[in-house]
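Enquirer: Before I ask anything, let me first share the structure, which is written out below as structure tokens.
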């Protein structure tokens, strides 16, 4: 099936541009007439993923494929990887530094929010190699 | 009550202007993950957080305005991004609790 493919380079440790990819996807979905509730879910899930890449992984690549009934998002980085995915998924668990917390992040809600607002979420991660997060959100 | 009306009635500093929308509710907080998942659309978002990510989150949640409380002034990066994205960025003197009461009274929310 035809889809609209959107690709973004997420700049690591650059908070000035963090959120640009999510905003662009949000704008596109709005223009396509996707319901505000679905747009919001996509924006939350994708922003959390984008911020994770900025905070933990020196950036990475975000690819969004928009189908008439859903969006599929792949967030790929070559960061440190996640040693214990179950632990990372726990609400409130965070490895963010004090500096990151002072910016308003590090509540340990990033991955739980991504799971909560998506219909499917898969994490593949290898320590020292990187992490890929796949998200599917149905409209 | 629209944002411009609130700014005038409450005597808030206007750091940046955006679309003059109606304020339908409010939300207070500084942890961005909470804001993004819980703040309602068209809310006045009251915070003491002052950095560029505040503007990014405000855009994603479609809030009516950001109100920086306790005399917090936006840094250059936040101001620039708010201007770029046409987001209302207001400044208030008192703490979040007192300013929430004011917003509730003025806007009837």
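Protein chains in written order, with our numbering: chain A, 1 to 139; chain B, 1001 to 1109. For glycine and all other residues, C-beta sits at the position ideal for the given N, C-alpha and C.
(1) Please list the partners that residue 989 of chain B has in chain A, where partner means a Cβ-to-Cβ separation under 8 Å.
(2) Examine chain A for any beta-carbon lying closer than 7 Å to the beta-carbon of residue 1097 of chain B, and answer yes or no.
(3) Would you mind sorting residue 90 of chain A into buried or exposed? The rule is 16 or more other CB atoms within 10 Å of its CB.
(4) Could you tell me which of A/94, A/16, A/76 and A/112 sits nearest to residue 126 of chain A, measuring between CA atoms?
(5) Note the first and the last residue of the continuous beta strand (DSSP E) segment covering residue 76 of chain A.
(6) In the DSSP assignment, find the unbroken beta strand (DSSP E) run with residue 1015 of chain B in it and report its ends.
(7) With 16 as the cutoff for other CB atoms within 10 Å, does residue 1054 of chain B come out buried or exposed?
(8) Could one say the Cβ of residue 47 of chain A lies closer than 7 Å to chain B's Cβ atoms, at least one of them?
(9) Report buried or exposed for residue 1008 of chain B, applying the criterion of at least 16 other Cβ atoms within 10 angstroms of its Cβ.
(10) Of the choices A/131, A/93, A/103 and A/4, whose alpha-carbon is the least far from that of residue 32 of chain A?
(11) Can you list, in chain order, the residues of its chain with a C-beta nearer than 8 Å to that of residue 19 of chain A? Leave out the 5 residues immediately preceding and following it.
(12) Tell me, please, which residues DSSP counts as bridged to residue 125 of chain A.
(13) Report yes or no: do three or more beta-carbon pairs, one from the segment 1045-1059 of chain B and one from the segment 1072-1082 of chain B, lie closer than 8 Å?
(14) Given residue 30 of chain A, which residues of its chain have a CB within under 7 Å of its CB, disregarding the five upstream and five downstream residues?
(15) Please check if any C-beta of chain B sits within less than 7 Å of the C-beta of residue 44 of chain A.
(16) Just checking: is the beta-carbon of residue 99 of chain A within a distance shorter than 7 Å of some beta-carbon in chain B?
(17) Apply the 10 Å Cβ neighbour rule to residue 129 of chain A and answer buried if 16 or more other Cβ atoms are within range, or exposed otherwise.
(18) What's the call for residue 1097 of chain B, buried or exposed, on a 16-neighbour Cβ count within 10 Å?
(19) Tell me which residue opens and which closes the alpha helix (DSSP H) that residue 95 of chain A is part of.
(20) Show which residues of chain A have a CB atom less than 7 Å away from the CB atom of residue 1031 of chain B.
(21) Sorted by chain position, which residues of the same chain lie with C-beta nearer than 6 Å to residue 100 of chain A's C-beta, five sequence neighbours on each side aside?
(22) For chain A, check one thing: does any of its Cβ atoms lie closer than 7 Å to the Cβ of residue 1048 of chain B?
(23) Would you mind telling me which residues of chain B sit closer than 8 Å to residue 113 of chain A, beta carbon to beta carbon, in chain order?
Expert: By the coordinates alone:
(1) A query on residue 989 of chain B cannot be resolved here, the shown segment of chain B reaching from 1001 to 1109 and no further.
(2) no
(3) exposed
(4) A/76
(5) 70-77
(6) For residue 1015 of chain B, the enclosing beta strand (DSSP E) stretches over residues 1013-1016.
(7) buried
(8) yes
(9) Exposed, by the Cβ-count rule.
(10) A/4
(11) 47, 50 and 51
(12) A/131
(13) yes
(14) 39
(15) yes
(16) Between residue 99 of chain A and chain B, the shortest Cβ-Cβ separation is not below 7 Å.
(17) exposed
(18) exposed
(19) That residue, residue 95 of chain A, is in no alpha helix (DSSP H); it is neither H nor E in DSSP.
(20) 104 and 107
(21) 55 and 106
(22) no
(23) 1033, 1036 and 1037
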